[in-house]
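Student: Before anything else, here's the structure in question.
There are 2 protein chains.
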Amino acid sequence: MLTDRQLLILQVIVDDFIRSAQPVGSRSLSKKEEISFSPATIRNEMADLEELGFIEKTHTSSGRIPSEKGYRYYVDHLLLPEQLGHSDVHKVKSVFAERIYELEKIVQRSAKILSELTNYTSIVLGPAVKDNKLKKIQIVPLNKETAIAIIVTDTGHVENKIFQFPASLDSGEMEKLANILNDRLAGVPLVDLTNKIYKEVAVLLRLHISNYDLMLHAIADTLKMPGHEKLFFGGKTNMLSQPDFSDINKLRGLMNMIEHEDSLYKLIREKKSGISIKIGRENENSAMEDCSLITATYSIGTEQLGTVAILGPTRMEYSRVISLLQLISTDLSRVLTDLYQNK
Amino acid sequence: MLTDRQLLILQVIVDDFIRSAQPVGSRSLSKKEEISFSPATIRNEMADLEELGFIEKTHTSSGRIPSEKGYRYYVDHLLLPEQLGHSDVHKVKSVFAERIYELEKIVQRSAKILSELTNYTSIVLGPAVKDNKLKKIQIVPLNKETAIAIIVTDTGHVENKIFQFPASLDSGEMEKLANILNDRLAGVPLVDLTNKIYKEVAVLLRLHISNYDLMLHAIADTLKMPGHEKLFFGGKTNMLSQPDFSDINKLRGLMNMIEHEDSLYKLIREKKSGISIKIGRENENSAMEDCSLITATYSIGTEQLGTVAILGPTRMEYSRVISLLQLISTDLSRVLTDLYQNK
DNA sequence: AATTAGCACTCGTAATATAAGAGTGCTAAC
DNA sequence: GTTAGCACTCTTATATTACGAGTGCTAATT
């Protein structure tokens, strides 16, 4: 178990390193207000902390920097929640002050403001639409063999897809088709659509529509869900300004990972509600060895919807980022709940 | 005027530098197949070429690199069109082989393949939708004060916007409204919608709809055009691997510009049809001092639609990039024309 | 027993010198 | 007009040195 003094020293080392990005030496530590003992004492304590794995040296006679374990301990036990400044709070609130009704736009804006306030990269996993319920299907013929199918969900999300149909189908039939679909599918969660189409709609189509099987597949294919929710980014290039990434190769790895969204998506989806912090290799992604990822979830009512995340160097301002994420995720949830809950 | 020998030397210098990114010396030049005179002769010619501003030294005794003027001359007079390899052509064709009907998806794919084939950054300015003609407006009520307006154009482009309306409006009126709009606005280019609404639709609304002025503005606002067409990117981070951008500050400037799309948009929009090449400072953008931008336009039928562009270092493979852009822009035009021309 | 002063030692960084090599410009010979 | 030859320049790499920040250990102090 760590002594109080060791905790204090660990805390100050982490704080200082987060601020300066420079290894922290015993002499500079001893000059801090909160520290009242000599460099020699500090050196002894630091030697112990190093032995325990909380801090490391960059070379034999350098100052110390926090290890991953050190950050982990700091985050778990030493973090004091940062009181956000007025101007920060104000900026966040301003995102939600304006009356915007597009869910996507709100989310996009949140990502932007987060990256601006932190100088890190922000990632927002868009609202899960698979549980949205179908409000309406519209079919608009473009020409005699092509039509566009538009589906609207109860949260106002719109998707569309162009499909081909047999020229033999006349406009009357097309209308009938739309009616059947709306009749049978309204209120069904998007994720269940395919199933329902084959089970219930197929029979009806057979009765009323010529070329029934061709259409059936066209429809089912058209209403298939997109692979996964969209990711929104803010400050994609902010990492270029972090001294931790002055090495262009590290940078390349990181930026590549950010651009090829799949692995990020894996890291971010399906978080339990609340704040989650992954430090360095805890992310199990070699490009993120020197990064930490902090995520928070947002929801409409009690239904968890998506995730807000900040990607920064392991040397990130944990306290501030956590406060900001907390603020924005609750605000986001509140606004979205207000907008879409009671319909 | 340049002598044939000077032209030859200039050409070989540019070619070699494009390949190697290293200043080219007289000795290595003299070893090339196409060159049959001694290093000393070459040095004399190079001194002349330098005096004329076509090449420069990086320091007193270095080999030469092309100047902007050199690149310009190379591009204008010395470029031999590259015969694309089978595999390149095949890859491009494969983008269009699959039957895709979403315009955006085709464009997106084109951007991706371009960046993969060049290792530069590709930018595609999406199809201009402002001249698309309105096919259909749909209004789907979400709850008693919110509805979503969906417009479909003749090319299958879909836009939607959520708007609020007075709770006093009943569903019958809403339907009437949709009918009026479709009746009056079908076939109207999107860009003229606002105008038409105030001039022609307003009168009708007054007759049939309660709360007519509130609705009028809601509608007009909803149908307002988005600021500008979307930009699609491929290989945003490819510049990280270009040796020309080993300097992290240059890189930062460039990446920032790419991320804040406005200035790029300015550089790309409203190109005359055909290929355009801007070298270095010709782009009039400080972040692009060491970049060249090559653009090509694509169209549906005779109507110019958008732009395909490659952003690379000034030391870019002009010949190859031009061939690729030509290939992809004509293919793109052909496919889009096939899809949307004869409706 | 805990703390601290003192000191030798390590290592990184920056400055300086040196050598090698690539390339040039010029002159004189071909 | 072309080219061989050569002195010169400048970059790059490597080694040398000096310096300073920081350490670990020991012995003295509290």
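Chains as they are written, first to last, in this note's numbering: chain A, 1 to 343; chain B, 344 to 686. Yeah, the Cβ is synthetic: ideal placement off N, Cα and C, and Gly gets one too. As the structure is a prediction and not an experimental result, all values here were calculated from the model.
Would you please state the rounded distance, in angstroms, between the beta carbons of A/Ser115 and A/Asn256? I believe it to be under 8 Å.
Tutor: Taking the first sequence and counting its residues from 1, the one referred to as residue 115 of chain A is at position 115. Taking the first sequence and counting its residues from 1, the one referred to as residue 256 of chain A is at position 256. Not quite, the Cβ-Cβ distance comes to about 19 Å (not below 8 Å), so this is no contact.
Student: DSSP state of B/Lys686, grouped into three classes?
Tutor: In the second sequence, residue 686 of chain B corresponds to position 343, counting from 1. No answer about B/Lys686 holds up, because its pLDDT of 45 lies below 50 and its placement is not dependable.
Student: On the three-pair Cβ rule with 8 Å, is the segment 236-255 of chain A touching the segment 37-56 of chain A?
Tutor: With the cut-off at 8 Å, the segment 236-255 of chain A and the segment 37-56 of chain A do not touch.
Student: So with CB distances below 7 Å, who are the chain A contacts of B/Asp526?
Tutor: For the purposes of this step, residue 526 of chain B is identified with residue 183 of the second sequence, where counting begins at 1. The premise fails here: B/Asp526 is roughly 16 Å from chain A at the closest Cβ pair, so nothing lies under 7 Å.
Student: In terms of alpha-carbon separation, which member of B/Lys615, B/Ile620 and B/Lys573 lies closest to B/Asp605?
Tutor: Along the second sequence, one-based indexing puts residue 605 of chain B at 262. When the alpha-carbon of B/Asp605 is set against those of B/Lys615, B/Ile620 and B/Lys573, the nearest one is in B/Lys573.
Student: So, helix, strand or coil for B/Leu395, using DSSP?
Tutor: In the second sequence, counting from the first residue as 1, residue 395 of chain B sits at position 52. If DSSP states are grouped into helix, strand and coil, B/Leu395 belongs with coil.
Student: Tell whether a beta-carbon distance below 7 Å holds between A/Leu125 and A/Thr330.
Tutor: What you label residue 125 of chain A is simply residue 125 of the first sequence in a count that begins at 1. What you label residue 330 of chain A is simply residue 330 of the first sequence in a count that begins at 1. Not in contact: A/Leu125 and A/Thr330 (Cβ atoms no closer than 7 Å).
Student: Can you find the residues in the same chain that come closer than 6 Å, C-beta to C-beta, to B/Asp474, ignoring five residues on each side of it along the sequence?
Tutor: Numbered from 1 along the second sequence, position 131 holds the residue referred to as residue 474 of chain B. Close CB contacts of B/Asp474 within its chain, under the 6 Å cut and outside five residues either way in sequence, are with Pro532 (chain order).
Student: With a Cβ-Cβ cutoff of 7 Å, do A/Gly25 and A/Gly70 count as a contact?
Tutor: As a position in the first sequence, residue 25 of chain A is number 25, starting the count at 1. As a position in the first sequence, residue 70 of chain A is number 70, starting the count at 1. For A/Gly25 and A/Gly70, no; Cβs fall outside 7 Å.
Student: Can you find a CB in chain B that lies within less than 7 Å of the CB of A/Thr222?
Tutor: The residue labelled residue 222 of chain A in the question sits at position 222 within the first sequence. No, no contact with chain B.
Student: When you check each C-beta in the segment 577-602 of chain B against every C-beta of chain A, which residues fall closer than 7 Å?
Tutor: Lys579, Thr580, Leu583, Ser584, Ser589, Ile591, Leu594, Arg595, Met598, Asn599 and Glu602
Student: Check the Cβ of A/Ile148 against every Cβ in chain B and list those closer than 8 Å, keeping chain order.
Tutor: Here residue 148 of chain A is taken as the residue at index 148 of the first sequence, counted from 1. Chain B residues near A/Ile148: Val495, Gly499 and Val501.
Student: Roughly how many whole angstroms lie between the Cα atoms of A/Leu8 and A/Glu289?
Tutor: Residue numbering aside, residue 8 of chain A sits at position 8 when the first sequence is read from its first letter. Residue numbering aside, residue 289 of chain A sits at position 289 when the first sequence is read from its first letter. Roughly 26 Å separates the two Cα atoms.
Student: Kindly indicate which residue of A/Asp192, A/Asn211 and A/Leu185 has the alpha-carbon position closest to the one of A/Val201.
Tutor: Along the first sequence, one-based indexing puts residue 201 of chain A at 201. For A/Val201, the closest of A/Asp192, A/Asn211 and A/Leu185 by C-alpha to C-alpha distance is A/Leu185.
Student: So, does the CB of A/Lys136 fall closer than 7 Å to a CB anywhere in chain B?
Tutor: On the first sequence, residue 136 of chain A is found 136 positions in, with the first residue counted as 1. Cβ-Cβ to chain B under 7 Å: yes for A/Lys136.
Student: Return the Cβ separation of A/Tyr318 and A/Leu79 in integer angstroms, given the expectation that the two are a contact with Cβ distance under 8 Å.
Tutor: Reading the first sequence from its first residue, position 318 is the one you call residue 318 of chain A. Reading the first sequence from its first residue, position 79 is the one you call residue 79 of chain A. Rounded, the Cβ-Cβ distance is 6 Å, consistent with contact.
Student: How big is the Cα-Cα spacing for B/Glu622 and A/Gly312?
Tutor: Here residue 622 of chain B is taken as the residue at index 279 of the second sequence, counted from 1. Here residue 312 of chain A is taken as the residue at index 312 of the first sequence, counted from 1. Correcting the residue type first, residue 622 of chain B is Ile in the shown sequence and not Glu. Roughly 35 Å between the two C-alpha positions.
Student: Alpha carbon to alpha carbon, how far is B/His551 from B/Lys519? Give it in angstroms, no decimals.
Tutor: For the purposes of this step, residue 519 of chain B is taken as residue 176 along the second sequence, with counting starting at 1. For the purposes of this step, residue 551 of chain B is taken as residue 208 along the second sequence, with counting starting at 1. If you take the alpha carbons of B/Lys519 and B/His551, they lie about 8 Å apart.
Student: Would you call A/Tyr198 buried or exposed, if buried means 16 or more other Cβ atoms sit within 10 Å of its Cβ?
Tutor: For the purposes of this step, residue 198 of chain A is taken as residue 198 along the first sequence, with counting starting at 1. Its Cβ having fewer than 16 others within 10 Å, A/Tyr198 is exposed.
Student: Does the beta carbon of B/Glu447 come closer than 7 Å to any beta carbon on chain A?
Tutor: Along the second sequence, one-based indexing puts residue 447 of chain B at 104. False, the Cβ-Cβ gap to chain A never drops below 7 Å.
Student: Going along chain A in order, which residues have a C-beta closer than 8 Å to the C-beta of B/Ile505?
Tutor: Here residue 505 of chain B refers to the residue found at position 162 when the second sequence is read from its first residue. Neighbours of B/Ile505 on chain A, chain order: Tyr101, Glu102 and Gly156.
Student: Assuming B/Ile643 and B/Leu679 are in contact, meaning their beta carbons sit under 8 Å apart, how far apart are those beta carbons, in whole angstroms?
Tutor: Locating residue 643 of chain B in the second sequence gives position 300, where the first residue counts as 1. Locating residue 679 of chain B in the second sequence gives position 336, where the first residue counts as 1. Contact holds; Cβ gap of about 5 Å.
Student: Measuring only the C-alpha atoms, how far is B/Arg663 from A/Asn179?
Tutor: Within the second sequence, numbered from 1, the residue matching residue 663 of chain B stands at position 320. Within the first sequence, numbered from 1, the residue matching residue 179 of chain A stands at position 179. C-alpha separation (whole angstroms): 53 Å.
Student: Span of the beta strand (DSSP E) holding A/Ala149?
Tutor: Position 149 of the first sequence, counted from the first residue, corresponds to residue 149 of chain A. If you look at A/Ala149, you'll find it in the beta strand (DSSP E) that goes Thr146 to Thr153.
Student: Is B/Leu675 close to chain A? Criterion is C-beta to C-beta, closer than 7 Å.
Tutor: Position 332 of the second sequence holds residue 675 of chain B. No - not a single Cβ of chain A is within 7 Å of the one on B/Leu675.
Student: Please state whether the Cβ-Cβ distance between B/Ile491 and B/Leu485 is less than 7 Å.
Tutor: Within the second sequence, residue 491 of chain B is the residue found at index 148, counting from 1. Within the second sequence, residue 485 of chain B is the residue found at index 142, counting from 1. Yes, Cβ-Cβ distance for B/Ile491 and B/Leu485 is below 7 Å.
Student: Just confirm the distance between the C-beta atoms of A/Tyr74 and A/Ile310, as a whole number of angstroms; I'd bet it's less than 8 Å.
Tutor: As a working note, residue 74 of chain A is residue 74 in the first sequence. As a working note, residue 310 of chain A is residue 310 in the first sequence. Not really, about 17 Å apart at Cβ, beyond 8 Å.
Student: Chain B beta carbons: is any one of them nearer than 7 Å to that of A/Lys343?
Tutor: Position 343 of the first sequence, counted from the start, is the residue given in the question as residue 343 of chain A. For A/Lys343, the predicted model reports a pLDDT of 45, less than 50, meaning its position is unreliable; a value from the coordinates is still stated below. So yes, A/Lys343 belongs to the interface.
Student: Would you kindly check if the distance between the Cβ of A/Glu56 and the Cβ of A/Ser67 is under 7 Å?
Tutor: On the first sequence, position 67 is the one that residue 67 of chain A refers to. On the first sequence, position 56 is the one that residue 56 of chain A refers to. Yes, Cβ-Cβ distance for A/Ser67 and A/Glu56 is below 7 Å.
Student: Taking C-beta pairs closer than 7 Å, name the residues in chain B that A/Val140 reaches, listed in chain order.
Tutor: The sequence position of residue 140 of chain A within the first sequence is 140, counting from 1. Chain B residues near A/Val140: Lys478, Lys479 and Val495.
Student: How far does the beta strand (DSSP E) with B/Tyr641 in it reach, from first residue to last?
Tutor: Here residue 641 of chain B is taken as the residue at index 298 of the second sequence, counted from 1. Counting along the chain, the beta strand (DSSP E) containing B/Tyr641 begins and ends at Cys634 to Ile643.
Student: Which stretch, first to last residue, makes up the beta strand (DSSP E) that contains A/Leu134?
Tutor: In the first sequence, the residue the question calls residue 134 of chain A occupies position 134. Run containing A/Leu134: Leu134 to Pro141, per the beta strand (DSSP E) assignment.
Student: For B/Lys686 and A/Lys144, what's the separation of their Cα atoms in angstroms?
Tutor: Position 343 of the second sequence, counting from 1, holds the residue named residue 686 of chain B. Position 144 of the first sequence, counting from 1, holds the residue named residue 144 of chain A. Bear in mind that the predicted position of B/Lys686 carries a pLDDT of just 45, short of 50, making it unreliable; the figure below should be weighed with that in mind. Looking at the two C-alpha atoms, the distance is approximately 8 Å.
Student: If you draw a straight line from the alpha carbon of B/Met344 to that of A/Lys105, how long is it in whole angstroms?
Tutor: Stepping through the second sequence from its first residue, residue 344 of chain B is reached at position 1. Stepping through the first sequence from its first residue, residue 105 of chain A is reached at position 105. Cα-Cα distance, rounded: 58 Å.
Student: Within its chain, find whatever has a CB closer than 7 Å to the CB of B/Glu502; leave out the 5 residues flanking it on each side and keep chain order.
Tutor: Within the second sequence, numbered from 1, the residue matching residue 502 of chain B stands at position 159. Hits under 7 Å: Ile494.
Student: Residues bridged to B/Ile505 by DSSP?
Tutor: In the second sequence, the residue the question calls residue 505 of chain B occupies position 162. The partner list for B/Ile505 (beta bridge, DSSP) reads B/Ile491.
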